[in-house]
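Reminder that position 39 of the sequence shown reads as 39 in full-length UniProt numbering, one-by-one numbering, no gaps.
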Amino acid sequence: MPLYEIRHPLIRHKLGVMRRADLSTKSFRELAQEVGALLTYEASKDLPLEPHEVEGWCGTVRTEKLAGKKVTVVPILRAGIGMLDGVLSLIPGARVSVVGIARNEETLEAHTYLERLVGELDQRLALIVDPMLATGGSMNATIDLLKRAGCKEIRALVLVAAPVGIERVLAAHPDVSIYTASVDDGLNEHGYIMPGLGDAGDRIFGTK
Ligand code: PRP
Ligand code: URA
């Protein structure tokens with residue numbers, strides 16, 4: 001199934017705190033990283049392992065290690081930066097591909113202004129991170145450019161998602177899995193997720 005709403009108690013609790021309008025920038029930022037790490041844990045549950053051996057204190061020990069594809073984390077600027085360290089806290093060896101996308105506030109169209117991708121994308125699992133999946137325009141633009149660069153396995157990690165955005169992404173890219181802390185009610189007339197978190201970029205960077 002390509003949509004996973006992760007209803008873990010820690011995620012539910014932390015996201016609930018993030019919805020408070022009076023939360024400090026510092027706390028919002030910390031919680032975005034923490035929920036980002038918890039979503040990473042869930043999104044990596046089925047990564048393949050292979051047998052491995054290490055020299056332990058009492059001789060050779062049969063262990064396991066991650067096998068298969070290497071990972072690239074893909075934060076969508078700006079707000080995706082707010083989850084990046086959370087992902088890297090669990091997958092510290094991942095390479096980071098940065099994509100800059102801004103949503104036009106009137107048309108809600110996604111405009112790509114930066115693309116800095118790592119190499120060998122055809123051999124990597126891409127974990128896209130962005131706190132908000134609203135109309136889905138920014139996510140689809142990111143998936144499109146990753147696929148054009150050769151990426152074959154893509155998972156999206158978002159804090160909050162609107163049903164219309166989920167439908168749009170999965171209609172265009174049924175092979176992509178979405179992991180979210182919450183599927184919210186919908187969008188308001190300005191394209192903001194309701195109840196959502198407000199403007200995630202502003203809350204993470206302290207702008208406005
Ligand atoms: C926000 C958010 C997503 C996008 C979601 O970014 O972080 O990238 O909007 O909206 P969509 O699903 O309708 O495309 P924004 O464009 O506000 O830029 P910012 O991260 O720089 O604040
Ligand atoms: N971008 C945000 O930061 N918040 C929303 O609710 C929608 C898009």
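Note that the Cβ used here is the ideal one computed from N, Cα and C, for glycine as well.
For the ligand URA, residues qualifying as neighbours are Met132, Ala134, Tyr192, Ile193, Gly196, Asp199, Ala200, where qualification means a beta carbon closer than 5 Å to at least one of its heavy atoms (chain order). Bridge partners of alanine 102 according to DSSP: His111. The C-beta distance from leucine 77 to valine 99 rounds to 7 Å, short enough to fall under 8 Å. Cβ-Cβ distances below 8 Å link valine 176 to Pro2, Ile143, Ile154, Arg155, Ala156, Val169, Leu170 in the same chain, with the five nearest sequence neighbours on each side left out; the list follows chain order.
Setting aside the 5 residues that flank it on each side, tyrosine 179 is surrounded in the same chain by Tyr4, Ile6, Leu39, Glu42, Ala43, Arg155, Ala156, Leu157, Val158, each with a C-beta closer than 8 Å to its C-beta; the list follows chain order. Collapsing the DSSP output to three states places leucine 23 in coil.
Non-local C-beta neighbours of valine 17 in its own chain, meaning closer than 7 Å and more than five positions away in sequence, comprise Leu23, Leu31, ordered along the chain. Counting only runs of 3+ residues, the beta strand (DSSP E) found wholly inside the stretch 13-83 occupies 49-56, 59-66, 70-77, in chain order. Within 10 angstroms of the beta-carbon of glycine 80 lie 16 or more other beta-carbons, which makes it buried. Between valine 87 and valine 129 a beta carbon distance of about 6 Å is seen, short of the 8 Å cut, so the two are scored as contacting.
Each of Ala172, Phe28, Met194 was checked against the Cα of glycine 206, and the nearest Cα belongs to Phe28.
Between alanine 200 and alanine 162, the C-beta spacing is not below 8 Å.
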